[in-house]
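Student: This is the structure I have questions about; it appears just below.
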Amino acid sequence: MTVDNPAAPIFVPSVHTKFFVLFGDPLSFSVSAWMHNHVFRKLGMDCLYSPLEIGEEKLGTAVKTMETWHCAGANVTMPYKAKVVPYLDDLADSARYTGVVNTIVLGEDGRKTGHNTDGEGFVQSLYSPLGLDVPSKEYLILGAGGAASAVACTLASKGVRRILVLSRKSSFHRAEGLKKRMDEHFPGVCTIDEMNEDVLRRAVPAHEVIINATKVGMGTYADETVFDTALLSPCQAVCDVVYNPRETKMILEAKGKGCKALGGLWMLVNQGAEAFRLWTGVEPPVDFMYETACRFLDR
Ligand code: NAD
Numbered sequence: 000m001t002v003d004n005p006a007a008p009i010f011v012p013s014v015h016t017k018f019f020v021l022f023g024d025p026l027s028f029s030v031s032a033w034m035h036n037h038v039f040r041k042l043g044m045d046c047l048y049s050p051l052e053i054g055e056e057k058l059g060t061a062v063k064t065m066e067t068w069h070c071a072g073a074n075v076t077m078p079y080k081a082k083v084v085p086y087l088d089d090l091a092d093s094a095r096y097t098g099v100v101n102t103i104v105l106g107e108d109g110r111k112t113g114h115n116t117d118g119e120g121f122v123q124s125l126y127s128p129l130g131l132d133v134p135s136k137e138y139l140i141l142g143a144g145g146a147a148s149a150v151a152c153t154l155a156s157k158g159v160r161r162i163l164v165l166s167r168k169s170s171f172h173r174a175e176g177l178k179k180r181m182d183e184h185f186p187g188v189c190t191i192d193e194m195n196e197d198v199l200r201r202a203v204p205a206h207e208v209i210i211n212a213t214k215v216g217m218g219t220y221a222d223e224t225v226f227d228t229a230l231l232s233p234c235q236a237v238c239d240v241v242y243n244p245r246e247t248k249m250i251l252e253a254k255g256k257g258c259k260a261l262g263g264l265w266m267l268v269n270q271g272a273e274a275f276r277l278w279t280g281v282e283p284p285v286d287f288m289y290e291t292a293c294r295f296l297d298r
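Under numbering that gives the first Met the number 0, residues 0 to 298 are what the sequence shown spells out, in order.
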């Protein structure tokens, strides 16, 4: 990676520096180190964030020894969001509801608590910039993986009463697992169905808010949408968890139909901001984080 500004003073860690890391594999495309280090420098904090691309066999040791290398907190991404759970001492509600952790907070007593800030990050973006009255809406979530689970649980925790989750037949067991967990904590809120053309034709026009929580729209799926966007009407809101590209084919087409539409970058920024609050107790400059993330993606 090239240095943004070669004339900028370098940050030299001291014996007091607090380290934050991201556990995952692969990590070369991650925005998080870029975003958090810019915030640490802007706020003059003696902290450093580093991506730690490690194999699964090293995950347990890395997590268990965090305090010995001055690591004060961590993010966790694919493929370790569920695999990290056995190495933690406690789970916050956000992680207990979903079974998935994206943030580890190290307490003063050395205990490591797993949190999930993805759902909160997503739901904050529905309030602003999208401007929705979140609890009063009915939601259709496409996909039943970690992101879908985090979004569904957080919506329910905000008072949402009706969520339909659609999942491909090949991985329908994930939808069943999601519903089981939801029913334990938020009985009656979640229903599930198979994601196929017939169901989509009925479900898409019937929901006020539609959320793509699959990988469709990014990478090799960049030219695809999960459903035919001709089914949309302007009174609907359409959101994506995918943030690269910033506006997926689905989001661009939804905007063309006059819908409120939002890509996943605000979710990414808000989940990072929430992790930052949990680690440091400091309120981060969220708009600056968003601008920084945009600069990373536009490079
Ligand atoms: P996951 O593998 O746990 O779940 C993916 C889900 O998508 C599964 O239900 C799978 O069946 C479904 N799916 C995959 N390909 C599909 C296709 N072609 N058609 C229909 N369904 C398909 O992954 P995840 O952790 O839930 O991540 C999903 C997406 O969310 C990824 O693109 C990830 O980058 C994104 N994400 C974004 C943020 C953010 O901050 N914006 C945070 C977390 C995840």
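Virtual Cβ for every residue (Gly too), placed ideally from N, Cα, C.
#1: Closest by CA to Thr67, which one among Pro50, Lys41, Lys17 and Glu52?
#2: Check whether the Cβ of Val75 sits closer than 7 Å to any heavy atom of the ligand NAD, and report yes or no.
#3: So what does DSSP say about Thr1, is it helix, strand or coil?
#4: Measure the alpha-carbon distance for Lys63 versus Asp24 and round it to whole angstroms.
#5: Quick check on the burial criterion: 16 or more other C-beta atoms within 10 angstroms. Buried or exposed for Gly257?
#6: Thr1: buried (16+ other C-beta within 10 angstroms of its C-beta) or exposed?
#7: Considering only heavy atoms of the ligand NAD, does any lie closer than 7 Å to the CB of Leu267?
#8: Check for me: the beta strand (DSSP E) holding Lys168 runs from which residue to which?
#9: Tell me the rounded alpha-carbon separation between Phe295 and Trp33.
#10: Do three or more CB pairs link the stretch 69-89 to the stretch 130-140 at distances below 8 Å?
#11: Which residue spans inside the stretch 175-234 form an unbroken alpha helix (DSSP H) run of at least 4?
#12: Excluding the 5 residues preceding and the 5 following Arg201 in the sequence, name in chain order all residues of the same chain whose CB lies nearer than 8 Å to its CB.
#13: Say yes only if the C-beta of Arg200 is nearer than 7 Å to one or more non-hydrogen atoms of the ligand NAD, and no if none qualify.
#14: With a threshold of 7 Å on Cβ separation, who are the neighbours of Ala292 within its own chain once the five nearest residues in sequence on each side are excluded?
#15: Look at the alpha carbon of Arg298 and the alpha carbon of Phe28, and state the distance between them as a whole number of angstroms.
#16: Leaving out five residues on either side along the sequence, give the residues of the same chain with a beta carbon under 6 Å from the beta carbon of Lys41.
#17: Which residues mark the beginning and the end of the beta strand (DSSP E) in which His15 is found?
#18: Give me, in chain order, the residues of the same chain whose beta-carbon lies closer than 6 Å to that of Leu87; leave out the 5 immediate sequence neighbours on both sides.
Tutor: Working from what's here:
#1: Lys17
#2: Taking non-hydrogen atoms of the ligand NAD into account, the C-beta of Val75 is found less than 7 Å away from none of them.
#3: Residue placement at Thr1 is poorly supported in this model, since its pLDDT is 48, which falls under 50; the coordinates are not used for a value here.
#4: Going from the Cα of Lys63 to the Cα of Asp24 covers about 18 Å.
#5: exposed
#6: Because Thr1 carries a pLDDT of 48, less than 50, the predicted location of this residue cannot be relied on, and the following value inherits that uncertainty. Under this definition Thr1 is an exposed residue.
#7: Shortest gap from the CB of Leu267 to any heavy atom of the ligand NAD: under 7 Å.
#8: No beta strand (DSSP E) contains Lys168, which DSSP labels as neither H nor E.
#9: Looking at the two C-alpha atoms, the distance is approximately 7 Å.
#10: no
#11: 196-205
#12: none
#13: The nearest non-hydrogen atom of the ligand NAD is 7 Å or more from the C-beta of Arg200.
#14: Val30, Met34, Leu264, Leu267 and Val268
#15: 12 Å
#16: none
#17: For His15, no beta strand (DSSP E) segment is defined, and its DSSP state is neither H nor E.
#18: Lys111 and Gly113
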